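These protein sequence lines map, in sequence, to chains A and B. Per the numbering used here: the first sequence = residues 1 to 269. Per the numbering used here: the second sequence = residues 1001 to 1433.
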Amino acid sequence: MAENHATATDVPVPYSTGDSKITDTTIAEMRELAARYPVGRSALLPMLHLVQSVEGRVTPEGIETCAEILGLTGAEVSAVATFYTMYKRRPVGDYHVGVCTNTLCAVMGGDVIFDRLKQHLDVGNDETTEDGKITLEHLECNAACDYAPVMMVNWEFFDDMTPESATQLVDDLRDGNEVKSPRGATICTWKEAERVLAGFPDGRADEGPTGGKATLAGLRLARERNWTAPSPNGGGSPAPLDGGPGPRPEDQPGRESQAVHTDDSRKED
Amino acid sequence: MLTPVLSDNWDQIRSWQLASYQRSGGYDALRTALRMQPADVVSAVKDSGLRGRGGAGFPTGMKWSFIPQDNPKPKYLVVNADESEPGTCKDIPLMLASPHTLVEGVIIASYAIRASVAFIYVRGEVLHVVRRLQQAVAEAKEAGFIGTDILGTGYDLDVIVHAGAGAYICGEETALLDSLEGRRGQPRLRPPFPAVAGLYGSPTVINNVESIASVPAIIKNGADWFSSMGTEKSKGMTLYSLSGHVTRPGQYEAPMGITLRQLIDLAGGVREGHELKFWTPGGSSTPLLTAEHLDIPLDYEGVGAAGSMLGTKALQIFDETTCVVRSVLRWTEFYKHESCGKCTPCREGTWWLVQILERLEHGKGSKDDLETLLDLCENITGRAFCALADGATAPITSSIQHFKDEYLAHFENGGCPFDPMASTVFATAGASA
């Protein structure tokens, strides 16, 4: 592992702090998750997400509770919890801030951004600021390469980042300013995000656009040049005269494209 | 030139909602499919020539036909939405913009293989995608497209959205099954193949998001319509994802067989004032190609003939400011981190690959190290349960093949000869964007 990705593994993690927040409600929700699957053990990953949403990390109490409900040993649950990168043994801050440093993002500026944030926040990889607000981590590819360099806050996309926009972002988070993902919702806390991943929706699916500029790049070009797929009945189709993709004029006035953020001018043609 | 089908509704208002999707003809294909015999749905997909869009290119309809219908166990459909291959970024935007395209495909595919439970295994690191999938499934249930006696046909189906927890290996289909069973995501020995003994030991089909999302259009418009696009053995339209040093990176939906030269042209060219140095046709696990390969058809056969693989059509473009050794080192660190540890050649081998590449990148290597690297790669490739190990060696062997001089320049120079700032997006725009 490259030096700049080193983790402070010499700092001991308390096995248990004895202040578990797992309640009867949590246990009932875990049982509800297990009941959703043909075989209860399939709910283990969601249950561990739920543990993190309550405890702020995977605690020994969380592991034992999962084990008890699923009829497993604590060791069996630990074996799973320690395999997956998203499960954290150390407490995570209110905001998990990730910087993609896989090759493409790194080359496009991710390495510079990650270094800048480490300095700015005075933390290393996978460490949390003293105020408990931000945990910084370098990420592997998060499937948004057309928006490189990419950052994630509580697993929401932040696209086309620069060292300046990155430091502004973490400052806003620390100051408690409202922060919105350009392709997602208003940023919630990491624990709230974990609850959604566990399988309990938070009703925010309608926030944000259909996609950003890169998502729509090909479609916009096709619209501009009247390119369409062949029509179903009769081979290659000439583009319709009105230039639209099909008969849906009622959708024309409010094309989603108007709502897509266009404040980033760097990649504008 | 471009043929938007999967992406055609992405510019509609709230395209992720059921109402918007139905305004564009959504769920018409489901009604058509439910009037057909399941075996006829399988035949239609077979006839279309659709091949798996997750990288391997296996014919989707054939995969479905392997499900032994005389097996008394329940059948399962599992959608692989664990998109994590470096460079790959097509399924995530599809699910954000139009999750119902996937959900409709899931219902049709489940009906075809006679599954009564389907799973969408989505990587955990994409919160808003999870939200939109959860909502789409809930809307489809509400509308009677999922549940009991779907549209009065007597067909029952439950669909479960399942978030992973951060492990690239879970994109490998048998590791995904172990993960979905609540275990460490480690690949299984095959045979038995998942079609015979998959999830919970039952017959299971595992398909990529884009493959399943292509099904409604095939049912709606016909197999002939689909196969009228593309090349002889690679049919249909597909999402090509351009990233890196191009003017307008993004998703470009085109018939199979378009060339990179055409795509880069559509994307406004390579970053201004620079030229193409190397690219991946389908993520980091597919051997690197160079400017000599600009005119190969981007289909399974064309890219294969050029010594690489079409993979996920994740076209990562790197210009001449990029150090190939640094790039390959970083990918190798990724494979080392993501190796599940089950097979020794991969677990130990990727560790050693990183040690040697680090030495080379920092100018402390020697010519012998290149030989050692290639020797290691030979001992890793094909010697593990799954393709992660093969993927790990692909960037190394292909980069040494095309850029041996650059490796040599590193130790002749006593370090990396490239300025890492020059390759960044903010290098020329000033740091104020």
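Think of the CB as a built atom: it goes at the ideal place given N, C-alpha and C, for glycine as much as any other residue. A quick note: this is a predicted structure, and the numbers were derived from the prediction, not measured.
Query raised in the report: Expressed to the nearest angstrom, what Euclidean distance is found between the alpha-carbon atoms of B/M1036 and B/A1217?
Result: Taking the first residue of the second sequence as 1, we reach residue 1036 of chain B at position 36. Taking the first residue of the second sequence as 1, we reach residue 1217 of chain B at position 217. Their backbone Cα atoms lie some 15 Å apart in a straight line.
**Report entry** Cβ of A/E256 within 8 Å of any chain B Cβ
**Finding:** Locating residue 256 of chain A in the first sequence gives position 256, where the first residue counts as 1. Because A/E256 carries a pLDDT of 41, less than 50, the predicted location of this residue cannot be relied on, and no value is offered for it.
Report task. Give a yes or no on whether the C-beta atoms belonging to A/A229 and B/T1003 are separated by under 8 Å. Result -> In the first sequence, the residue the question calls residue 229 of chain A occupies position 229. In the second sequence, the residue the question calls residue 1003 of chain B occupies position 3. For A/A229 and B/T1003, yes; Cβs fall inside 8 Å.
Query raised in the report: Cα-Cα, which of A/A144, A/L197, A/V150 and A/D19 is closest to B/I1092?
Result: Numbered from its first residue, the second sequence carries residue 1092 of chain B at position 92. That would be A/A144, whose Cα lies nearest to the Cα of B/I1092.
Query - Coarse secondary structure for B/H1245, derived from DSSP in three states - result: Taking the second sequence and counting its residues from 1, the one referred to as residue 1245 of chain B is at position 245. It is coil, neither helix nor strand.
Query - Where B/I1067 sits in the DSSP three-state scheme - result: On the second sequence, position 67 is the one that residue 1067 of chain B refers to. Coil.
Query - 8 Å Cβ cutoff, B/A1314 in contact with chain A - result: Position 314 of the second sequence, counting from 1, holds the residue named residue 1314 of chain B. With 8 Å as the cut-off, B/A1314 counts as an interface residue toward chain A.
Query raised in the report: Roughly how many angstroms lie between the CA atoms of B/G1025 and A/A205, to the nearest whole one?
Result: Mapped onto the second sequence, residue 1025 of chain B falls at position 25. Mapped onto the first sequence, residue 205 of chain A falls at position 205. So the alpha carbons of these two residues sit roughly 22 Å apart.
Query - B/G1236 to A/L121 span [Cα, whole Å] - result: Here residue 1236 of chain B corresponds to residue number 236 of the second sequence, with the count starting at 1. Here residue 121 of chain A corresponds to residue number 121 of the first sequence, with the count starting at 1. Distance between the alpha carbons of B/G1236 and A/L121: 49 Å.
Report task. From the DSSP output, in three-state form, read off A/L139 for me. Result -> In the first sequence, residue 139 of chain A corresponds to position 139, counting from 1. A/L139 falls in the strand class under three-state DSSP.
**Report entry** Pairwise C-alpha distance: A/G62 and A/I22
**Finding:** Against the first sequence, residue 22 of chain A aligns to sequence position 22. Against the first sequence, residue 62 of chain A aligns to sequence position 62. Between the C-alpha atoms of A/I22 and A/G62 there is a straight-line separation of about 7 Å.
Query raised in the report: chain A beta carbons: is any one of them nearer than 8 Å to that of B/P1417?
Result: As a first step, residue 1417 of chain B is located in the second sequence; it is residue number 417 there, counting from the start. No, B/P1417 lies away from the interface with chain A (no Cβ there is under 8 Å from its Cβ).
Query raised in the report: Shortest alpha-carbon distance to A/V92 belongs to which of A/H49, A/L44, A/G74 and A/G199?
Result: Counting from one through the first sequence, the residue named residue 92 of chain A turns up at place 92. Checking every option, the nearest Cα to that of A/V92 belongs to A/H49.
Query raised in the report: A/C100 bridges to which residues according to DSSP?
Result: Within the first sequence, residue 100 of chain A is the residue found at index 100, counting from 1. Looking at the DSSP assignment, A/C100 forms a beta bridge with A/L139.
**Report entry** Per-residue DSSP class, three states only, for B/H1128
**Finding:** Counted from its first residue, the second sequence places residue 1128 of chain B at position 128. B/H1128 falls in the helix class under three-state DSSP.
Query raised in the report: When Cβ atoms are compared, which residues of the region 1154 to 1167 of chain B fall closer than 8 Å to chain A?
Result: So the close ones are I1160, V1161, H1162, A1163, G1164, A1165, G1166 and A1167.
**Report entry** Beta-bridge pairing of B/G1250 - partner residues as DSSP gives them
**Finding:** Counted from its first residue, the second sequence places residue 1250 of chain B at position 250. Per DSSP, B/L1242.
Query raised in the report: With DSSP run on the structure shown, which of helix, strand or coil describes A/G244?
Result: Taking the first residue of the first sequence as 1, we reach residue 244 of chain A at position 244. The predicted model places A/G244 with a pLDDT of 40, which falls under 50 and marks its position as unreliable; any figure quoted below should be read in that light. In the structure shown, A/G244 sits in coil (DSSP, three-state: anything other than H, G, I, E or B).
**Report entry** Buried or exposed (CB count within 10 angstroms, at least 16 for buried), B/M1421
**Finding:** Stepping through the second sequence from its first residue, residue 1421 of chain B is reached at position 421. With fewer than 16 other Cβ atoms within 10 Å, it is exposed.
Requested in this report: Pick helix, strand or coil for A/Y15, following the three-state DSSP scheme.
Outcome: Sequence index remark: in the first sequence, residue 15 of chain A carries index 15 (1-based). In this structure, A/Y15 counts as coil in the three-state DSSP scheme.
**Report entry** Interface residues of chain A facing B/C1089 [CB-CB closer than 7 Å]
**Finding:** By 1-based counting over the second sequence, the position of residue 1089 of chain B is 89. Under the 7 Å cutoff, chain A gives A143, A144, C145 and D146.
Report task. Kindly say whether A/N154, judged by its beta-carbon, lies nearer than 8 Å to any beta-carbon of chain B. Result -> Counted from its first residue, the first sequence places residue 154 of chain A at position 154. At least one chain B Cβ lies under 8 Å of A/N154.
Requested in this report: Could you please tell me which residues of the region 1209 to 1225 of chain B, in chain order, have their CB closer than 7 Å to any CB of chain A?
Outcome: Residues passing the 7 Å Cβ filter: N1221, G1222 and W1225.
Requested in this report: Could you tell me which residues DSSP puts in a beta bridge with B/R1051?
Outcome: Here residue 1051 of chain B corresponds to residue number 51 of the second sequence, with the count starting at 1. B/P1059.
Query - Coarse secondary structure for B/Y1456, derived from DSSP in three states - result: Residue 1456 of chain B lies beyond the range of chain B shown here (1001 to 1433); nothing can be said about it.
**Report entry** Residues from the region 37 to 64 of chain A in contact with chain B, defined by Cβ distance under 9 Å
**Finding:** Y37, P38, V39, G40, R41, S42, A43, L44, L45, P46, M47, L48 and H49
Query - Contact residues within the region 61 to 89 of chain A, judged by C-beta distance below 8 Å to chain B - result: L70, A79, V80, F83, Y84, T85, M86 and Y87
Query raised in the report: Quick one: does B/L1002 have its CB under 8 Å from some CB of chain A?
Result: By 1-based counting over the second sequence, the position of residue 1002 of chain B is 2. With 8 Å as the cut-off, B/L1002 counts as an interface residue toward chain A.
Query - Bridge partners - B/S1180, DSSP secondary structure assignment - result: If you number the second sequence from 1, residue 1180 of chain B lands on position 180. One detail in the question is off: residue 1180 of chain B reads as Leu in this sequence, not Ser. None; B/L1180 has no bridge partner.
Report task. Below 8 Å between beta carbons is the criterion; list the residues of the region 104 to 116 of chain A that meet it against any residue of chain B, in chain order. Result -> L104, A106, V107, M108, G109, D111 and V112
Query raised in the report: DSSP three-state call for B/A1314: helix, strand or coil?
Result: The residue given as residue 1314 of chain B occupies position 314 in the second sequence. Reduced to three states, the DSSP call for B/A1314 is strand.
Query raised in the report: Measuring from the CB of B/R1383, is there a heavy atom of the ligand GTP at a distance below 7 Å?
Result: The model on display carries no ligand, and the ligand GTP is accordingly not part of it.
Requested in this report: Look at B/L1006 and B/L1094 and say whether their C-beta atoms are less than 8 Å apart.
Outcome: By one-based count along the second sequence, residue 1006 of chain B stands at place 6. By one-based count along the second sequence, residue 1094 of chain B stands at place 94. Yes; because the gap between Cβ atoms is below 8 Å, this pair is in contact.
Requested in this report: Please classify A/I134: does DSSP put it in a helix, a strand, or coil?
Outcome: As a first step, residue 134 of chain A must be located in the first sequence, where it is residue number 134. Note: A/I134 maps to strand in three-state DSSP.
Query - Nonlocal neighbours in the same chain, by C-beta distance under 7 Å from B/R1114, ignoring five residues either side - result: Position 114 of the second sequence, counted from the first residue, corresponds to residue 1114 of chain B. So the qualifying residues of the chain are P1038, Q1069 and K1075.
Report task. State the DSSP-derived secondary structure class of A/D271, mapped to helix, strand or coil. Result -> The shown model of chain A, from 1 to 269, leaves out residue 271 of chain A, and the question about it has no answer.
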